[in-house]
Amino acid sequence: MKKLLVLVAAVAIVLSLSACAKKTYEVAMITDSGGIDDESFNQGTWEGIMEFCDANDITYKYYKPLEVSDNAYLDAISLAIEGGAKVVVTPGFLFESSVYAAQTTYPDVKFVLIDGVPHTPDYATFNTASNTLPILFNEHESGFLAGYAAVMDGYTDLGFTGGMAVPAVVKFGIGFIAGAYYAAQENSITLNFTDSTYHYFGNFNEDDANKAIAASWYQTGTQIIFSAAGGAGSSVMSAAADANKMMIGVDVDQSSKSDTVLTSAMKELGNAVKQALQDYVDGNFVGGNVIVKGVENDGVGLPFDTSRFETFTEAQYEAIYAKLVNGTVVVPANWADLATFLGADAANFTEGVVTPQ
Numbered sequence: 007m008k009k010l011l012v013l014v015a016a017v018a019i020v021l022s023l024s025a026c027a028k029k030t031y032e033v034a035m036i037t038d039s040g041g042i043d044d045e046s047f048n049q050g051t052w053e054g055i056m057e058f059c060d061a062n063d064i065t066y067k068y069y070k071p072l073e074v075s076d077n078a079y080l081d082a083i084s085l086a087i088e089g090g091a092k093v094v095v096t097p098g099f100l101f102e103s104s105v106y107a108a109q110t111t112y113p114d115v116k117f118v119l120i121d122g123v124p125h126t127p128d129y130a131t132f133n134t135a136s137n138t139l140p141i142l143f144n145e146h147e148s149g150f151l152a153g154y155a156a157v158m159d160g161y162t163d164l165g166f167t168g169g170m171a172v173p174a175v176v177k178f179g180i181g182f183i184a185g186a187y188y189a190a191q192e193n194s195i196t197l198n199f200t201d202s203t204y205h206y207f208g209n210f211n212e213d214d215a216n217k218a219i220a221a222s223w224y225q226t227g228t229q230i231i232f233s234a235a236g237g238a239g240s241s242v243m244s245a246a247a248d249a250n251k252m253m254i255g256v257d258v259d260q261s262s263k264s265d266t267v268l269t270s271a272m273k274e275l276g277n278a279v280k281q282a283l284q285d286y287v288d289g290n291f292v293g294g295n296v297i298v299k300g301v302e303n304d305g306v307g308l309p310f311d312t313s314r315f316e317t318f319t320e321a322q323y324e325a326i327y328a329k330l331v332n333g334t335v336v337v338p339a340n341w342a343d344l345a346t347f348l349g350a351d352a353a354n355f356t357e358g359v360v361t362p363q
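Structure representation (structure tokens):
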């Protein structure tokens, strides 16, 4: 009996120790300035991670840095790896410098950097290690589709607000101009869209100052604003609601966030991260090179739901999408190509406004 009691006690101790063992998480995401419920970049990426990991019985967790800084991001990455992460997903260009440092510090960990490429803080050195996979998107194609759809639906007084003039945001804006003017030329429509309603906030924050800019445009006749501005897009939504006007969302389908969202210029963030994780699971993860997602591989587009359009149809969307895929329409991604694309209409915009110097 005594031996039995000792055995039972020993088993209890082992079970207790096992229960107290720290749980590890194989896949980790580090959030940027927003949260996993921001209905934008973080949420789109996180939902892709959850869907894939749940389907493949893989543990996962997100980590929110204490502040927006390279040091805070590196601390969060380190914490994730201490927690067992074999793959770290970082959504957004703000992670470029922290991933640059982390990829050599943790050579056995896979990094998926969305919307950026690793470089030093001073941009002097760029290097993508073999354990890092940067994923970029053709934002100009998504922006084009949004501009085209808006004009085809009858909007002629347009505006664009970007968060900061980083490459992804700039391309959204250039594409939006191109799509709007392409639809206008196709249908002999005159647009009221110039650089007077084209603006970079200088931040991605939801605040009264950003709302005031959008509100002033709505008050002076702007019918719809495409906002590629992260959290600042909520300020535009609020201004649109007050003015009974519409706006266009970005990155993910933001229609559930506000009735003012006509459509959204999306990046298929969830699909991109799921593909990267599938490659990791299959042992086919190949870093060191950038993957670009565009119309040719279903990486960008508008939501399938066209219910908020008055006249623009799914058939029209599929037709213009096909033209982008087959190269009938080549969407400009920089100022020089946009000026050529617009021809005489380029006089409505200034390079230093569309692409700040």
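Going by the numbering used here, the sequence shown opens with residue 7, and the numbers climb by one from there.
Cβ atoms here follow ideal geometry from the backbone N, Cα and C, with glycine treated the same way.
Here the structure is a predicted model, which is why all the values come from computation and not from measurement.
Rounded to whole angstroms, Ala221 and Lys29 show a C-alpha spacing of 49 Å. If only complete runs of 3 or more residues are kept, the stretch 177-251 shows the beta strand (DSSP E) at 204-206 and 230-234, in order along the chain. The three-state reading of DSSP puts Ala135 in coil, since its state is none of H, G, I, E or B. In the three-state scheme derived from DSSP, where H, G and I count as helix and E and B as strand, Tyr112 is classed as coil. In this structure the stretch 242-257 touches the stretch 206-226; the number of beta carbon pairs closer than 8 Å is three or more. Between the alpha carbons of Gly153 and Gly255 lies a gap of roughly 12 Å. Burial is judged here by how many other beta carbons sit within 10 angstroms of a residue's own beta carbon; Leu268 has at least 16 and is buried. Nearest neighbour of Ala249 by Cα position, chosen from Ala91, Asp265 and Phe178, turns out to be Asp265. Within the stretch 268-343, the runs of alpha helix (DSSP H) that reach at least 4 residues and sit entirely inside it are, in chain order, 275-287 and 320-332. Counting only the Cα atoms, Ala155 lies some 17 Å from Val331.
In the displayed model, Met56 falls within a helix according to three-state DSSP. Take the alpha-carbon of Ala130 and the one of Gly122: they are about 15 Å apart. Spatial neighbours of Ser148 in its own chain (CB-CB distance under 8 Å, excluding positions within 5 residues in sequence) are listed in chain order as Phe178, Gly181, Ala271, Met272, Lys273, Val306, Gly307 and Leu308. A Cβ-Cβ separation of about 13 Å leaves Tyr66 out of contact with Thr37 under the 8 Å criterion.
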